[in-house]
Ligand code: ASC
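Structure follows, in structure tokens:
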């Protein structure tokens, strides 16, 4: 589905990523709401693949691929919204370490994006075994960042 995304829409999406956070969010609360919303949608679509990985719903290669592509698109969105917040504002679950150890946070974000990109590749092989393996790596990348940068 996203393979046929019109070029203009793709260009607009890239532009949105490149815009300074201040241009996207009028106040810190909006940035918090935005990034939490993106994470929520990612978790939902990842969960649909997880249900197949765990055998709770039958494996459907096309559905797995479609959801992996959505997660991959979403994986690029949260990061400008972390530039906006005031460290230690106490709002949301973002740890102040995001701002005090930015390089490590950025690396963890890149890792997640890489693993999600691999999940798309795995899903397109139409092999549940490949999806299981890649899904495990995505989960570890999510958890790794949450352990270090999300308050309980
Ligand atoms: C998910 C999800 C997360 C991660 C994490 C992995 O599906 O919503 O936050 O995986 O649970 O440990």
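Numbering (our numbering), first residue to last: 12 to 163. Every residue, glycine too, gets a C-beta built ideally from N, C-alpha and C.
{"Query": "Buried/exposed call for residue 45, threshold 16 Cβ in 10 Å", "Result": "buried"}
{"Query": "Exposure of residue 76, with buried meaning 16 or more beta-carbon neighbours within 10 Å", "Result": "buried"}
{"Query": "Stretch pair the region 111-122 + the region 62-73: three plus CB contacts closer than 8 Å", "Result": "no"}
{"Query": "Residues with C-beta closer than 5 Å to any heavy atom of the ligand ASC, in chain order", "Result": "54, 57, 150, 153, 154"}
{"Query": "Distance, residue 47 Cα to residue 123 Cα", "Result": "16 Å"}
{"Query": "Classification of residue 129 by the beta-carbon crowding that lies within 10 angstroms, buried from 16 upward", "Result": "buried"}
{"Query": "Same chain, Cβ closer than 6 Å to residue 72, neighbours up to 5 away in sequence not counted", "Result": "137"}
{"Query": "Straight-line Cα distance separating residue 104 from residue 163", "Result": "7 Å"}
{"Query": "Span separating the alpha-carbon of residue 112 from that of residue 133", "Result": "32 Å"}
{"Query": "For residue 57 and residue 157, the rounded distance between their alpha carbons", "Result": "16 Å"}
{"Query": "Proximity winner among 91, 50, 140, 43, relative to residue 85 (alpha-carbon distances)", "Result": "50"}
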